[in-house]
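Heads up: the structure comes next, in structure tokens.
In my numbering, the protein residues as written are 719 to 956.
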């Protein structure tokens with residue numbers, strides 16, 4: 719299945735007016751869309767069918783999109799997940815990442831931004847399934863950290879780290895550039911499909927902090943994931 723050729727999307731959203739507009743636009747762009755208005759209905763759909771991407775509202779009448787994400791990840795399903803929410807508070811960004819989400823977009827959002835994120839995540843998911851990139855068939859060892867691209871896993875001192883897909887891609891980019899500063903612009907382009915203008919520094923800072931909490935002995939005094947103020951970030955070998 720091509721990433722824009724009837725990829726199947728499940729939209730979990732209880733705002734009927736938003737559902738109508740999104741369904742029209744997504745179908746016009748070649749996606750097959752199914753909709754659920756509450757958490758229970760979404761879980762029923764997921765039990766019956768496979769989807770290529772999930773669009774999850776955060777606040778629903780009977781729960782949250784986080785609960786759906788956690789249930790999906792708990793079953794080992796790595797389907798790409800984007801959260802839709804009216805709140806852009808950092809707490810919700812962190813909760814979404816921790817539950818296993820891949821991306822996050824606050825309402826109101828521009829349709830073009832959402833479509834770019836969808837295309838980027840579907841392309842990467844397709845590449846991982848088919849092995850289109852050589853890097854994902856390799857592994858990289860840098861000091862005490864080992865990245866298994868084929869298995870989408872990272873090991874620190876021999877112990878597997880629990881990372882979201884975005885955290886995995888970000889860490890991989892930085893470790894590949896060991897000792898060199900990676901600018902914020904390059905990070906945005908690498909992670910968000912050359913459309914980094916709609917990803918702000920605050921969101922990137924959240925990803926960086928979450929990585930530090932999982933890797934650094936003292937996240938408040940990082941020794942390996944270093945900020946190059948005014949430029950970007952640099953990885954120093956462990």
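Glycine is no exception: its CB is placed at the ideal position from the N, C-alpha and C atoms. Just so we're clear, the structure is a prediction, and the values are computed from it rather than from any experiment.
### Query
Mapping DSSP to helix, strand and coil, what is residue 868?
coil
### Task
Report the rounded CA-to-CA distance for residue 944 versus residue 866, giving the unit in angstroms.
22 Å
### Same chain, Cβ closer than 6 Å to residue 958, five either side skipped, listed in chain order
One cannot answer for residue 958 here, as it falls past the ends of the chain, which runs 719 to 956.
### Message
If I measure Cβ to Cβ from residue 919 and keep anything under 7 Å in the same chain, skipping five residues before and after, which residues do I get?
### Response
902
### Message
I'd like to know if the segment 793 to 806 and the segment 818 to 834 are in contact, where contact means that at least 3 CB-CB pairs between them fall below 8 Å.
### Response
yes
### Message
Looking at the secondary structure, which residues open and close the alpha helix (DSSP H) in which residue 737 lies?
### Response
734 to 746
### Message
Which residues does DSSP list as the beta-bridge partners of residue 877?
### Response
874
### Message
What does the alpha-carbon distance come out to for the pair residue 793 and residue 890?
### Response
25 Å
### Task
Quick one: grab the DSSP three-state call for residue 776.
coil
### Task
With DSSP collapsed to three states, give me the class of residue 951.
strand
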